[in-house]
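Below is one structure, written out as structure tokens, with a few remarks after it.
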Amino acid sequence: MSPSRRPASILDSAETLALTDDATLAYRLRRSARRRTLVLRVTEAGEVVVNAPLRAARRDIEGFVQRHLEWVHARRGQARMREMVWQEGAHLPFLGTDLTLRFQPRVGRAQVRREGDELHCACPPGELEAAVTAWYRRNARDGFAERLALQAARAGIALPPLRLSNARTRWGSLSPKGVVSLNWRLLKAAPEVIDYVICHELAHFRQRNHSAAFWREVERLCPDWQALRRRLKEAGRGYFLF
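The opening position of the sequence shown corresponds to residue 0 in numbering that gives the first Met the number 0, with each subsequent residue numbered one higher.
In structure tokens, the structure reads:
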């Protein structure tokens with residue numbers, strides 16, 4: 000099809016999807032008169048593209064993207080270099096969305112703050128990764144403590160002590176003394192995925208194994224655990240880039 004005729008059957012536009020906590024997801028919407036289904040892809044450069052029927056409703060398109068957010072972030076992680084590139088404009092996974100890194104080189108103590116879907120960091124260039132990681136760990140402790148208290152109350156379990164973990168292979172664990180450990184990198188996952196991991200560990204208070212009875216307890220605490228576990232498996236590799 001010649002360039003002059005293409006606009007008649009394909010409409011291309013830049014769109015923004017509002018997520019939680021003032022975060023947004025930018026994507027390119029391509030409507031086609033020939034398309035009958037919605038298709039989502041992430042380019043090698045990390046751009047999100049939605050191919051949609053010409054008359055597809057906006058709510059259907061946005062709902063489709065929302066349902067596949069974990070997949071989008073996983074694909075974006077694969078599109079990045081296997082080693083994190085710490086530079087202005089880098090994408091940082093956070094609570095199931097992405098924060099855009101805004102870096103201001105400066106001498107002195109690092110200052111990190113979140114503004115909507117941006118994370119602003121002012122620090123010496125060589126301390127950028129350490130400053131951002133420290134910010135994640137601080138927010139992980141506060142966020143996990145709140146979610147653990149909520150889920151423990153729902154499960155009818157006394158609030159257990161919480162410890163942050165830096166493990167490379169496990170998202171959570173329960174010690175023989177009843178201490179719940181959660182990997183700080185879980186802060187990059189969606190809240191409901193974090194809740195699944197917490198419920199998994201709380202289930203161990205009643206079943207210190209992975210028997211059928213244990214998984215029944217997990218399902219009682221978190222009915223959607225299987226789908227949430229799949230989402231964590233799909234996106235989790237990208238969470239270990241830093």
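Ideal Cβ positions, reconstructed from N, Cα and C, are used throughout, including at glycine. Note that the structure is a prediction, hence the values are computed from the model and not measured.
Within the same chain, and ignoring the five residues on either side of F241 in sequence, the residues whose Cβ sits closer than 7 angstroms to its Cβ are M83, E128, T132.
Residue burial is scored here from C-beta neighbours: L158 has fewer than 16 other C-beta atoms within 10 angstroms and is therefore classed as exposed. A direct Cα-Cα distance of roughly 28 angstroms separates P104 from G142.
Each of L161, W134, N138, R137 was checked against the Cα of L147, and the nearest Cα belongs to L161. Proximity to R66 across C120, W170, L16 peaks at L16, based on C-alpha coordinates.
Taking every protein chain shown into account, the CB of A139 has 16 or more other CB atoms within 10 angstroms, so this residue is buried. In this structure A188 is in contact with A234, their Cβ atoms being roughly 7 angstroms apart against a cut-off of 8 angstroms. With a threshold of 16 other beta carbon atoms within 10 Å, D59 falls short and is exposed. CA-CA distance, E145 to R136, rounds to 14 angstroms. When beta bridges are read from the DSSP output, G171 appears opposite L181. Looking at Q150, R101, I156, the one whose alpha-carbon comes closest to that of A130 is R101. Looking only at A121, G95, A55, the smallest Cα-Cα distance to E87 is reached by A121.
Assigned with DSSP and collapsed to three states, R137 falls in helix. Within the region 41–94, the complete alpha helix (DSSP H) runs of at least 4 residues fall at 57–66, 68–78. Counted as a single uninterrupted DSSP element, the beta strand (DSSP E) harbouring F102 occupies residues 96–104.
In the three-state reduction of the DSSP assignment, D223 falls in the coil class, being assigned neither a helical nor a strand state. Between L201 and the set S12, V192, F213, the nearest pair of CA atoms involves F213. When A55, F93, R54, G62 are compared, the shortest CA-CA separation from A73 is found for F93.
With 16 or more other Cβ atoms inside 10 Å of its own Cβ, R184 counts as buried. Within the same chain, and ignoring the five residues on either side of H199 in sequence, the residues whose Cβ sits closer than 7 angstroms to its Cβ are G171, V217. For I9, DSSP records a beta bridge to S31.
For H119, the enclosing beta strand (DSSP E) starts and ends at 117–122.
The criterion of a C-beta distance shorter than 8 angstroms is satisfied by V192 and L227.
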